[in-house]
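S.K.: Quick one: the structure is below, questions incoming.
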Amino acid sequence: MQRWVLHIDMDAFFASVEQLTRPTLRDRPVLVGGLGGRGVVAGASYEAREYGAHSAMPMFRAQQLVGSRAVVVMPRHAVYSAASRRVFGIIAAHVGVIEQLSIDEAFMEPVALRGASAGEVFEWAENLRALIREETGLPCSIGAGSGKQFAKIGSGEAKPDGTFVIPVNKQIEMLHPLAAKKLWGVGPVTASKLSSIGVETIGQLANMTQKEVEISLGNTVGIQLWRLAQGIDEREVAPRAISKQISTEHTYPKDLLSVTEVDAAILRAAQGAHRRLLKDGRGARTVTVKLRMADFHIESRSSTLPYATDDIKVLQASALRLARYPEELGPIRLVGVSYSGLEEARQNVLFPELDRELVRPPAPDNDFETGVGGAVVGPEGEAMSSETVVEGLTLNAKDPGDAEKTWRTTEDVYHPDYGHGWVQGTGHGVVSVRFETRATGRGKSKSFAVDDPALKPADPLDSLAWSEWFAAES
């Protein structure tokens with residue numbers, strides 16, 4: 005019987021949840037990420053993508069591309085996690101086995117679709133998308149084919165907010181003209197190897213002989229990719245174990261011999277792991293740096309934060325604090341960074357800049373752990389004088405006796421007269437709040453004194469207005 009695998013991907017998930025719960029943001033170019041412009045984009049709405057913005061891009065660059073219409077929203081992972089649970093709860097009620105890849109995508113192989121026609125698969129997928137939209141208000145795209153590879157390609161073709169089914173008799177016709185890098189498992193290194201031998205498309209890879217593939221790509225990974233290129237994909241859909249850690253590592257063609265080279269390699273690995281962390285939807289408490297020496301022995305060091313975070317500057321600073329260098333260890337050939345202690349909960353830290361600072365000793369024979377006599381390095385890795393640091397803390401710190409409230413832009417708030425809202429802006433002793441949730445439609449904006457006793461911080465989950473669902477879930 006004909007096998008049908010489906011791939012579902014929630015469209016611009018983080019940004020779509022923000023637009024759902026804050027109706028004023030609908031049809032606006034929304035960027036989810038660090039508000040200071042020095043962070044990384046965790047999600048971008050389709051309106052923002054039209055300008056070239058995308059996930060994992062530096063926030064300052066995304067803002068440059070989008071311009072003055074950009075709305076930068078602080079991530080609210082508790083809201084995204086709740087929305088994900090509801091979406092996949094709906095899917096689970098209609099599909100026996102789900103292989104969830106991340107907070108917003110999964111494979112499924114419904115028993116009801118075995119032997120179905122392409123038209124019947126399309127209708128089934130459209131009904132599921134309509135049900136998800138009806139119950140959650142969120143858009144998604146579904147692709148379907150004879151295996152995971154075709155299902156994944158199909159969901160890409162379906163975006164945004166659509167269904168794309170690849171019939172068996174059309175799959176090779178569609179697959180082979182695609183660039184080789186579109187094939188599942190072909191990363192930059194493999195794509196470069198293929199390009200060097202004149203293979204640019206999936207069809208060209210499929211037409212290679214087995215011997216040519218083994219010589220060029222190896223007899224394990226190479227053969228797997230070759231079979232996928234030929235349309236052979238028998239991988240089963242099965243539940244995945246929850247990842248205990250997320251990591252990225254790179255082996256360098258030339259040994260790293262300087263502090264600058266090692267620092268750059270650590271930052272590269274930290275950023276790569278961070279992109280996967282954002283996709284996973286959790287925060288990390290523990291950072292580990294792995295170094296493999298020229299003689300192949302491994303050095304590994306870890307540190308644990310008092311809270312889980314996905315703040316790239318905090319994670320990078322934690323990784324750099326763990327660095328060791330060639331003058332101490334000898335030439336380094338591999339650098340990796342991993343994040344573990346993964347948690348859905350995030351803690352808002354009063355002074356995150358403290359965890360973004362890096363104290364380094366002036367020489368390798370100093371006590372690394374104490375950092376005595378070290379120079380202070382700022383969030384961008386620049387050297388800073390102690391006076392600069394003190395001034396920065398003075399500007400951000402609050403005197404313990406100062407009762408004045410502070411509000412962050414896009415923070416969730418509550419007022420007894422107007423209900424749930426979010427901070428649109430604050431300054432000169434005034435805070436502007438837009439009062440709205442998923443259920444209210446576009447709300448009205450009101451201004452208050454920053455120390456108005458009626459204005460309180462609110463639970464971000466209230467913006468979903470899913471009280472009955474939360475009650476049933478608990």
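Start counting at 1 in the sequence shown, then tack on 4, and there's your number in this note's numbering.
Backbone N, C-alpha and C define an ideal beta-carbon position, used for all residues, glycine too.
Quick check on DSSP: helix, strand or coil for Pro164?
M.R.: If DSSP states are grouped into helix, strand and coil, Pro164 belongs with coil.
S.K.: Taking the CB atoms as reference points, tell me whether Gln175 and Gly123 lie closer together than 8 Å.
M.R.: No.
S.K.: In angstroms with no decimal places, state the Cα-to-Cα distance between Ala327 and Gln320.
M.R.: Each residue's Cα considered, the two are about 11 Å apart.
S.K.: When burial is assigned at 16 or more other CB atoms within 10 Å of the CB, is Gln249 buried or exposed?
M.R.: Burial call: exposed.
S.K.: How far does the alpha helix (DSSP H) with Ser478 in it extend, from its first residue to its last?
M.R.: First-last for Ser478: undefined, no H or E at that position.
S.K.: I need the DSSP call for Pro310, collapsed to helix, strand or coil.
M.R.: Looking at Pro310 - three-state DSSP - the assignment turns out to be strand.
S.K.: Nearest CA to the CA of Glu303: which residue from Glu332, Ala312, Val34, Thr290?
M.R.: Of the listed residues, the one whose Cα sits closest to Glu303 is Glu332.
S.K.: Could you check how far apart the C-beta atoms of Trp426 and Val435 are, in whole angstroms? I think they sit under 8 Å.
M.R.: In fact, because the Cβ distance is near 11 Å, the residues do not count as touching under 8 Å.
S.K.: Assuming Asp15 and Asp165 make a contact with CB atoms under 8 Å, what is their CB distance in whole Å?
M.R.: Sure, about 6 Å apart at Cβ, within 8 Å.
S.K.: Would Glu395 be called buried (16 or more neighbouring beta carbons within 10 Å of its own) or exposed?
M.R.: Because Glu395 sits at a pLDDT of 27, beneath the cut-off of 50, its placement in the model cannot be relied upon, and the following sentence gives the value as read from the coordinates. Classification for Glu395: exposed.
S.K.: Put Phe372 into one of helix, strand or coil per three-state DSSP.
M.R.: Low per-residue confidence applies at Phe372: pLDDT is 27, beneath 50, and the placement is therefore not dependable enough to give any value.
S.K.: Among Asp267, Ala46, Leu35, which has the Cα closest to the Cα of Glu54?
M.R.: Ranking the options by Cα distance to Glu54, first place goes to Leu35.
S.K.: Classify Gln67: buried if its beta carbon has 16 or more other beta carbons within 10 angstroms, exposed otherwise.
M.R.: Gln67 is buried by the Cβ-count criterion.
S.K.: Could you pull out every unbroken alpha helix (DSSP H) segment of at least 4 residues lying fully inside the segment 241-297, listed in chain order?
M.R.: The segment 241-297 contains these whole alpha helix (DSSP H) runs: 263-284.
S.K.: Compute the beta-carbon to beta-carbon distance between Asp31 and Cys144, rounded to the nearest angstrom, for a pair I have assumed lies under 8 Å.
M.R.: About 19 Å separates the two Cβ atoms, so there is no contact after all.
S.K.: Would DSSP call Val434 helix, strand or coil?
M.R.: DSSP places Val434 in strand when its eight states are reduced to three.
S.K.: For the beta strand (DSSP E) that Tyr84 lies in, which residues bound it at each end?
M.R.: No beta strand (DSSP E) holds Tyr84; the alpha helix (DSSP H) holding it covers 81-96.
S.K.: In angstroms, rounded to a whole number, what distance separates the CA positions of Leu324 and Asp267?
M.R.: Approximately 7 Å, taken between the alpha carbons.
S.K.: Opposite Arg305 in the DSSP bridges: which residues?
M.R.: Val293, per the DSSP bridge assignment.
S.K.: Along the chain, where does the alpha helix (DSSP H) that runs through Ala66 open and close?
M.R.: Run containing Ala66: 63-70, per the alpha helix (DSSP H) assignment.
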